[in-house]
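Notes to accompany the following structure.
2 protein chains.
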Amino acid sequence: MSTYEHPDVADLSLPAVLFALSDPVRLEIVGQLAVWREGETPLVCASVGPQMPKSTRSHHLKVLREAGVTRSVPSGRERRLSLRRADLDERWPGLLDAVLPGGVRSVRA
Amino acid sequence: MSTYEHPDVADLSLPAVLFALSDPVRLEIVGQLAVWREGETPLVCASVGPQMPKSTRSHHLKVLREAGVTRSVPSGRERRLSLRRADLDERWPGLLDAVLPGGVRSVRA
DNA sequence: CGGATAGTTCGACAATTTCGGAACCTAGGC
DNA sequence: GCCTAGGTTCCGAAATTGTCGAACTATCCG
């Protein structure tokens, strides 16, 4: 499975990130990714919104990925998803913390 | 000039707020409103994006207002605009600070 | 009353989004 | 090699959005 291009930290656009987060479905996905903890095996696409049609899920993940909110790296025939928390914290400190449901804080909290 | 309905703090929706902020034009408007300081006379519609067609500006201000990001109160034949900073800070602490250009912080900074 | 000014509302149009089915690709297991 | 499971891509359809001109409303001023 081919590797994706992920935008560089410096190229992230705030409107694009906010837009990606402005959809309830995507916000929910980001919430799920946020509970991931170092050491656990990363989530795979199918695990977010399992009841959702594959094409719809793929679409939302694409929006998140292209905005730079998530990273998805191929592993065998699946893709491991992760939140680009450090990158987002670097560009817009506090944004993720503000948007994520309470309790799901960055490392520094 | 008639008064508007502004959503109550408790009714604000995060996706709606993020969506309102996800447009470069609106983000710019919010940035302008954010530099307002206690004591100064509040901005009026025409002062944000003076070169923009009135109908376009009115549209963007409506999106911001209905999302609960701004408040606009009639005063004579104009409307005074303000950022609902306290309300937003209450619901999503840090969000505005994260999104606003550096230096335009909330009172507590 | 007769302007002029500040904003809103109403189309209209192009561009973008969202959603989902169907076909496709590709790595892994047998 | 064949089959399957995980995802992507392609297509179309319906709904939203952004933009702007034109008409309209309301307020202030002389």
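Residue numbers (my numbering), protein chains in the order written: chain A, 1 to 109; chain B, 1001 to 1109.
Just so it is clear, CB atoms sit at the ideal spot from N, CA and C, and this is done for glycine as well.
Model, not experiment: these values are computed from the prediction.
Could I get the ranges of all uninterrupted alpha helix (DSSP H) runs contained in the region 1015-1083 of chain B, with 4 residues as the minimum, in chain order? Here the runs fully enclosed are 1024-1034 and 1054-1067.
Would a check of beta-carbon distances place B:A1098 closer than 9 Å to chain A? Position 98 of the second sequence holds residue 1098 of chain B. It does: the Cβ of B:A1098 has a partner Cβ on chain A nearer than 9 Å.
Is the beta carbon of B:L1033 sitting closer than 9 Å to the one on B:L1083? What you label residue 1033 of chain B is simply residue 33 of the second sequence in a count that begins at 1. What you label residue 1083 of chain B is simply residue 83 of the second sequence in a count that begins at 1. The answer is yes: Cβ separation under 9 Å.
Quick one: which chain A residues come within Cβ less than 7 Å of B:P1015? The residue labelled residue 1015 of chain B in the question sits at position 15 within the second sequence. Result: S22, D23, P24 and L27.
Residues in the region 77-99 of chain A with C-beta within 7 Å of chain B's C-beta atoms, listed in sequence order? Result list: W92, P93, G94, L95, D97, A98 and V99.
Terminal residues of the alpha helix (DSSP H) in which A:R91 lies: Residue mapping note: residue 91 of chain A aligns to position 91 of the first sequence, counting from 1. Where A:R91 is concerned, the enclosing alpha helix (DSSP H) starts and stops at R85 to R91.
What three-state label does DSSP hand B:D1011 in the structure shown? If you number the second sequence from 1, residue 1011 of chain B lands on position 11. Helix, per DSSP.
Any beta carbon from chain B within less than 9 Å of A:V9's own beta carbon? Residue mapping note: residue 9 of chain A aligns to position 9 of the first sequence, counting from 1. False, the Cβ-Cβ gap to chain B never drops below 9 Å.
What did DSSP end up calling A:A109 once you bin it into helix, strand or coil? For this step, residue 109 of chain A is matched to residue 109 along the first sequence. Residue placement at A:A109 cannot be trusted, given a pLDDT of 46 that sits under 50; what the coordinates show is reported in the next sentence. Residue state, collapsed to three classes: coil.
Since I believe A:V30 is in contact with A:L21 (beta carbons under 8 Å), could you give me their beta-carbon distance rounded to a whole number of angstroms? Working through the first sequence from its first residue, we reach residue 21 of chain A at position 21. Working through the first sequence from its first residue, we reach residue 30 of chain A at position 30. That belief holds up - the Cβ atoms of A:L21 and A:V30 are roughly 7 Å apart, short of 8 Å.
Express the C-alpha separation of A:R91 and A:Q51 in angstroms, rounding to a whole number. Taking the first residue of the first sequence as position 1, residue 51 of chain A is located at position 51. Taking the first residue of the first sequence as position 1, residue 91 of chain A is located at position 91. Whole-angstrom Cα-Cα distance: 33 Å.
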